[in-house]
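One structure is given below, encoded as structure tokens.
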Amino acid sequence: MILRQNHAASDTHDPIFVDKTRNSNIKYSRDENMDDEEKWNNDQSASEKYSRNVLVDKGINLKLQLPLKGQTFNPVVRGFVEQLKRKGEVAKDVEIENIGQYAKSHLQLRDTDLNAKELKNIKNCKASSKQDYQKNYGAFFGGDHGRLQNIRRTHHSYLDETKFMIEVGGNWGWDAGNFSKLYNMNYLILEPLTPYTDILEKKFAGNEKVSIYNIGLGSDNEVVMVNLEGNNACATTKFSKKNGTVPIYIVNAIDFLTDLGVGVYELDLLTMNCEGCEFEVLETLVKSNLIERIRNIQWATHTQVSIPNPWERYCRIHELLKRTHRPTYQYKFNWESWRRKDIK
């Protein structure tokens, strides 16, 4: 598991550290028509890709080790799981160091084929998307003299000191500080920009219920070079078309969550304000039954960054998420929160 110490990339990778060259598009053909130079180029390309992936894995592993504070598992999650064991919500024989393997063993793919009604809904959603964005932008950020946007923090009264939430895109901690003060829940904050992570570490120093990761989430494990953009770098995104100079580490969303044990237990809230990563994270989650173990999902939508086809992707995510969740508040294309359908 990536959340253990002494992990090293090897031929026996754990699930998150799959040797991606084994699934490469490069074909090692035995065709006699392939000349030696072409074969050598293919070999070199595969070798470079393997070396690059090993370095990425090592970098990610280091980022994932830092919040453990020398322990073998995240202390915030450990305390939360022990609490669930005492309540009988997690079996007592589940070992915390192996909880990720338990979670992964129950993963299943979900059907993401769209039916005729869903396709029609996507078409209608796309047709009104830009109008909806403008209307809801004004309502969300200007409503009640600008105070309405606080709903993204005050809406979650189900949270308390026994609950667990993950925030993706902690920034400098404005939302995080409010969440922690309001609910005092078990809290993981993910922020890929190191300057912001440093601020968050200072902000929550001594708070044993908060753990901070210097990573982002997405569909793949990767290192992306970005530029610091926006006021105090708050608009920095991996989707910028500019050549970047600052590395950020991205981890596959399902691998990260299951290694924490999500799936064995339910995550009370996943909230995202991550400059476009919400598309990849949501698209990844709705493909598996892990989505069924997340009670509430909240996110900000970023359609104005250089994300491929954001309007249709947003509408498609909506249709797939509707199968398991329903909105509890919604300002389409801006901010919204969804709750699993079986929960009031």
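So that you can map any letter, position 116 of the sequence shown is 116 in UniProt numbering, and since no number is skipped, the others follow by simple counting.
Every residue, glycine too, gets a C-beta built ideally from N, C-alpha and C.
Boundaries of the beta strand (DSSP E) in which residue i is found, first to last residue
| i | result |
| --- | --- |
| Leu68 | Premise fails: Leu68 is in no beta strand (DSSP E) and is neither H nor E. |
| Glu319 | Element bounds for Glu319: not the beta strand (DSSP E) but the alpha helix (DSSP H), 310 to 321. |
| Thr284 | No beta strand (DSSP E) holds Thr284; the alpha helix (DSSP H) holding it covers 277 to 285. |
| Phe168 | Contrary to the premise, residue 168 reads as Val rather than Phe in this sequence. From DSSP, the beta strand (DSSP E) with Val168 extends over 164 to 168. |
| Gln149 | Element bounds for Gln149: n/a, residue is neither H nor E. |
| Ile248 | 246 to 252 |
Cβ-Cβ separation, residue j to residue i (assumed contact under 8 angstroms), whole Å
| i | j | result |
| --- | --- | --- |
| Leu217 | Val77 | Not really, about 16 angstroms apart at Cβ, beyond 8 angstroms. |
| Val223 | Gly59 | 6 angstroms |
| Glu275 | Arg295 | Actually they do not touch by this definition, with Cβ atoms about 25 angstroms apart. |
| Tyr137 | Asn334 | 5 angstroms |
| Lys126 | Trp311 | 6 angstroms |
| Ile212 | Leu228 | Ile212 to Leu228, Cβ: 19 angstroms. No contact. |
| Glu97 | Thr72 | 6 angstroms |
Spatially closest choice to residue i from the options, by CA coordinates
| i | options | result |
| --- | --- | --- |
| Phe80 | Thr112, His155, Arg313, Ile166 | Ile166 |
| Gln83 | Ile254, Cys125, Arg323, Thr162 | Thr162 |
| residue 420 | Cys277, His302, Thr271, Thr284 | The question about residue 420 has no answer here: the residues shown for the chain are numbered 1 through 344. |
| Thr197 | His145, Lys120, Trp174 | Trp174 |
| Thr284 | Leu269, Leu320, His302, Asp268 | Leu320 |
| Val56 | Ala116, Leu193, Asn221, Lys203 | Asn221 |
| Gln134 | Lys203, His302, Arg313, Tyr329 | His302 |
| Ser180 | Ile343, Ser157, Gln304, Cys277 | Ser157 |
| Asp255 | Gln101, Lys85, Lys87, Val90 | Gln101 |
| Glu336 | Glu278, Val94, Gly146 | Glu278 |
Proximity of residue i and residue j at Cβ, strictly below 7 angstroms
| i | j | result |
| --- | --- | --- |
| Arg153 | Asn186 | no |
| Lys287 | Arg110 | yes |
| Val281 | Ile248 | no |
| Gly169 | Ala176 | no |
| Ala103 | Val251 | no |
| Lys69 | Ile215 | no |
| Thr324 | Ile291 | yes |
| Tyr314 | Ile151 | no |
| Asp268 | Phe140 | no |
First and last residue of the uninterrupted alpha helix (DSSP H) at residue i
| i | result |
| --- | --- |
| Ala205 | No alpha helix (DSSP H) contains Ala205, which DSSP labels as neither H nor E. |
| Gln134 | 129 to 142 |
| Gln298 | Where Gln298 is concerned, there is no enclosing alpha helix (DSSP H), although the beta strand (DSSP E) it sits in stretches over 296 to 300. |
| Val81 | 75 to 86 |
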